[in-house]
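Report on the structure given below.
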């Protein structure tokens, strides 16, 4: 069938008149909105909430900040993402960052129910200057480790956590310091 231009215009006007009737128009718009919402939900990446612990800026103590992180395929990838978010610092001005932006996660491993997180030394000691000396750290080293431990323990409670700095376990690891007898051993 070959239509002439006037016939095509008449057919399109008739179709437009049918669609623009209020009953059809509103049903079509509602269907389009629902379809768009459904497509957006299907293609939105899966996210999960995570609590990050930071020192308070204007008072003593620590506080939490809620972040929504993408769901990763492995525990290692999820833990790395969480630690990198912690290194980025807080979004709120009520909290202080715990490390310089140049700080990095060296390695994250999961073996059985053990979660090993190896951090770079500048997380504890500050930025390495060109002279080979570290600048002052933003937060005391013990507090940094405590915040890392608290954040990871809270978000990965099913795993036993081992924090290392440049591959070595810190002497004051954990929330309590070692006793004199433990240091001698």
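Numbering (the working numbering), first residue to last: 16 to 200. Virtual Cβ for every residue (Gly too), placed ideally from N, Cα, C. It should be emphasised that the depicted structure is a prediction, and the values quoted were computed from it without experimental measurement.
What are the boundary residues of the alpha helix (DSSP H) that includes residue i?
{"i": "residue 169", "result": "156-170"}
{"i": "residue 137", "result": "137-140"}
{"i": "residue 90", "result": "90-103"}
State buried or exposed for residue i, treating a residue as buried only when at least 16 other CB atoms are found within 10 Å of its CB.
{"i": "residue 118", "result": "buried"}
{"i": "residue 195", "result": "Caution applies to residue 195, whose pLDDT of 45 falls short of 50 and renders its modelled position unreliable; the value that the coordinates give is listed next. By the neighbour-count rule (16 or more Cβ atoms within 10 Å), residue 195 is not buried but exposed."}
{"i": "residue 206", "result": "Absent from the structure is residue 206, since the part of the chain shown begins at 16 and ends at 200."}
{"i": "residue 129", "result": "exposed"}
{"i": "residue 116", "result": "exposed"}
{"i": "residue 44", "result": "exposed"}
{"i": "residue 144", "result": "exposed"}
{"i": "residue 124", "result": "exposed"}
{"i": "residue 13", "result": "Given that the chain is displayed from residue 16 to residue 200, the structure contains no residue 13 and the question cannot be resolved."}
{"i": "residue 65", "result": "buried"}
{"i": "residue 93", "result": "buried"}
Please classify residue i: does DSSP put it in a helix, a strand, or coil?
{"i": "residue 65", "result": "strand"}
{"i": "residue 30", "result": "helix"}
{"i": "residue 80", "result": "strand"}
{"i": "residue 132", "result": "strand"}
{"i": "residue 200", "result": "Per-residue confidence for residue 200 stands at a pLDDT of 49, beneath the threshold of 50, marking its modelled position as unreliable; no derived number is given."}
{"i": "residue 85", "result": "strand"}
{"i": "residue 21", "result": "helix"}
{"i": "residue 112", "result": "coil"}
{"i": "residue 38", "result": "helix"}
Verify the CB distance criterion: does residue i have a CB-CB separation below 9 Å to chain D?
{"i": "residue 171", "result": "No chain D appears in this structure, which consists of one protein chain only."}
Per DSSP, which one or two residues make a beta bridge with residue i?
{"i": "residue 125", "result": "130"}
{"i": "residue 70", "result": "77"}
{"i": "residue 120", "result": "134"}
Can you grab the Cα-Cα spacing for the pair residue i / residue j, in whole Å?
{"i": "residue 27", "j": "residue 52", "result": "29 Å"}
{"i": "residue 75", "j": "residue 109", "result": "11 Å"}
{"i": "residue 192", "j": "residue 160", "result": "Interpretation of residue 192 is limited by its pLDDT of 46, a score under 50 that renders its predicted location unreliable; the figure taken from the coordinates is listed afterwards. Spanning the two alpha carbons is a distance of roughly 12 Å."}
{"i": "residue 17", "j": "residue 23", "result": "10 Å"}
{"i": "residue 185", "j": "residue 134", "result": "11 Å"}
{"i": "residue 153", "j": "residue 170", "result": "24 Å"}
If I follow the unbroken beta strand (DSSP E) through residue i, where does it start and stop?
{"i": "residue 179", "result": "175-180"}
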